[in-house]
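Comments concern the structure below.
Residue numbers (my numbering): 1352 to 2238.
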């Protein structure tokens, strides 16, 4: 039952409309009546309780068409979009302690602010017009709101369901009624949530309560809680949350649709019983848990008394410090590369709990108006005006400058063509096969161009390692030194072992350069492997060192595979700027099946529907009704490969999925007798025994092992584990080296840990991640790759995979403005320039009036100013004499 029918059946039909129902709170399981809300409700004359006729007029089948209101509305298959606004569990416990009115006042503040934020945004610019999706003002939102008083598990949990009508009135010259921009609504939900939480925090403090920050399980969206409510009380009254966690674990969350199906399957119908003793039942639960309600209240009041203080006044200095932290070169907005006002709200709100709600607006305006926030001109299809941190743009511009000097410098190390031909021939004899045309061209260009910079872009499975082995041998025989580096320890070690290049991580290389224990010179070739995963600040430092010392830089990677953790996009950007220095390995020689090679090309190019169709036709998609079934089936297939002697791997994106796959696979290996002998339970609860496959999650002391390196357990003792790494080294791990932060089982791995690796077969649990991660996962196996999906049937699996694989996450430079728009991905904003008539769609943004006349030259001056301070934003501070060195 969808949200529209749910509210029709439960709230309209059975609402407890007793005048004191909401205030009684614990005396009723019934919901409060639906109430109209929103600016559009005022426009249509809808107010008060929602009746059957009004509900049918707005949320009826097929959408809203209401002759009684005298307007022509919208027909749609989705007449309403539901939001749920729920306070922190400590606020619910406040009601258990007897402060029911205060509890409701805090919840009211959260929902009111959340919906007011959304309503205001839609009034200003929530309409879309024409192919260019021109933003226009509307009459705002219309919603029906009801308060539920308990969770489905019967816990105290005041929360509001808000059913937003899928229609709005356009206020441009054409007028009329249209469906909502639901994509815009989805983009704003997190910012609206933070606005609501901040307003609720203000109300709590104004009512005399002390609060503290609480990041909570949501991770990205910071929360707050009332001081004095113990964690064990929160857990006692969070049975529904525990039920949902269990459902997620057992039923899966591979895609939006699959997650919804799993949630519905595990949701018990909400009981409609009115238990006048429910409040006493909760207090009895406290007693059974050893917590006396009276003592809990006294302890709560005591702690509140020690921490209570009025709303804090934020000084101008404090406000400036928050703004500077948000705009720092290594801050959250710089990491995002491009940010919008909602992004600022999300980042700023958790820093301001306990301050007046008006301070959030002041800080956001302070960020938007700061000289280090460079305004970007919105492109057609973009939903919000965007900005970039000046240091982000300066870093990109500096990389472009230094890369341009390197690419145009023709005095780099050179290998003679005759000597190179000898090395190519020797490699082909050793390998037993000829280099592909792309490999030969890339090797020739990298060794003979004399440029200070060459870029090798290789699709997955194109033989980049083979090409680099020839490059290394050729330069070494010509008397040059080749150094290799990569972001991850495993990538650096693989580069070294498979090509012979002396390699280390970027962090290690930079440290040695800073300490002077390693230097570059004009007879050095620096190979940066997996360059697409190198963040911009690190890339700037490496290219600067190469430029200043006369060394040659060779960037190797694929921007269509996994990207940088921090601000990135440099590999693709430099390729676009210096096509003469780019050499493409476009022939996949890893997959044996030519059809699979073509399917991978489709994934990489974004032709996702064609790729999914091939995997379906080839029988490579395995749907399972639940996540537990998908895990069982994936592990069974992997186990069959193991029994047949095939090198096979289980892959997933989420760590929770990897953990579940590992647990099931390990039980299989124990049953096979591969894992034997006594077991050591390490800190964190993981067990290890002889025969276990393990992976390192962090580098070892003094470089004894690197992150993602795999090994087999040979013996265990009461204090440690003896392992043999795949490279042959034997090491004993003990203490923190075997805790959950440093060691894990390796039957299943995250896709990130498999970047650059090759196996015979792969079984991929489809649990999200987008196109780039999918491309890496599907391209690891030489024989076959099988995709395990949580879905009712192959039709649903096809639909879900097509949606998920179409999501593109790769970063692009903010300076690049030529990204085309798609239905799901609006065109990205471009760098600041004088607005054109097409840009007037942004006239309703509140800050545009003050910034509309800002000329591009003014913005460029900001970038130039920050560029002159590059020593503060590089990957490290340059030592003496190690500046940019650009003329």
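Cβ coordinates follow ideal geometry from the N, Cα and C atoms, glycine included.
Alpha-carbon to alpha-carbon, residue 1981 and residue 1552: 42 Å
Spatial distance of residue 1959 from residue 2097 (CA atoms): 30 Å
Cα-Cα separation between residue 2111 and residue 1407, rounded to whole angstroms: 58 Å
In chain order, each alpha helix (DSSP H) run of at least 4 residues that lies wholly inside the stretch 1675-1759: 1683-1686, 1692-1699, 1708-1719 and 1741-1759
Contact the stretch 1770-1780 vs the stretch 1857-1876: 3+ CB pairs below 8 Å: no
Cβ neighbours of residue 1460 in the same chain (closer than 6 Å, five flanking residues each side left out): 1550, 1551 and 1554
Three-state class that DSSP yields for residue 1942 in the structure shown: coil
Where residue 1784 falls, given that 16 or more other Cβ within 10 Å makes a residue buried: exposed
Spatial distance of residue 2283 from residue 1395 (CA atoms): In the structure as shown, the chain begins at 1352 and stops at 2238. Residue 2283 is therefore absent and cannot be evaluated.
Three-way DSSP call (helix, strand, coil) for residue 2111 in this model: strand
CA nearest to the CA of residue 1814, picked from 2140, 1487, 1889 and 2131: 2131
Between the CA atoms of residue 1914 and residue 1327 - distance to the nearest angstrom: With the chain running from 1352 to 2238 in the structure shown, residue 1327 is simply not present.
Contact set for residue 1721: own chain, Cβ-Cβ below 7 Å, skip 5 residues either direction: 1674 and 1678
Cβ-based burial, residue 1539 [other Cβ within 10 Å; buried from 16]: buried
Rounded C-alpha distance that separates residue 2008 from residue 1756: 46 Å
Residue 2123 - partner residues in DSSP beta bridges: The partner list for residue 2123 (beta bridge, DSSP) is empty, contrary to what the question assumes.
At least three beta-carbon pairs within less than 8 Å, the stretch 1786-1796 to the stretch 1918-1930: no
Proximity of residue 1507 and residue 1633 at Cβ, strictly below 8 Å: yes
Contact set for residue 2061: own chain, Cβ-Cβ below 6 Å, skip 5 residues either direction: 2046, 2077 and 2097
Closest residue to residue 1384 among 1399, 1811 and 1390 (Cα-Cα distance): 1399
CB-CB length for residue 2136 against residue 1971, believed under 8 Å: 7 Å
Span separating the alpha-carbon of residue 1528 from that of residue 1687: 35 Å
Cβ-Cβ distance between residue 1758 and residue 1990 below 8 Å: no
DSSP-derived helix/strand/coil call for residue 1665: coil
Distance between residue 1564 and residue 1654 (C-alpha atoms, nearest Å): 15 Å
Neighbourhood of residue 1442 by C-beta distance below 6 Å, restricted to the same chain and skipping five residues each side: 1454 and 1457
Opening and closing residue of the beta strand (DSSP E) in which residue 2004 lies: Premise fails: residue 2004 is in no beta strand (DSSP E) and is neither H nor E.
Distance CB(residue 1480)-CB(residue 1525) smaller than 8 Å: yes
Every unbroken alpha helix (DSSP H) inside the stretch 2060-2088 [4 residues or more]: none
Stretch-stretch touch, CB-based, cutoff 8 Å, three pairs: the stretch 1576-1590 with the stretch 1468-1480: no
Separation of residue 1939 from residue 1724, as counted between CA atoms: 43 Å
Cβ pair residue 1448, residue 1736 closer than 8 Å: no
Three-pair Cβ contact test at 8 Å for the stretch 2029-2048 versus the stretch 1809-1823: no
DSSP-derived helix/strand/coil call for residue 1355: helix
Residue 1574: first and last residue of the uninterrupted beta strand (DSSP E) it sits in: 1574-1577
Whole-angstrom distance between residue 1692 and residue 2134, CA atom to CA atom: 48 Å
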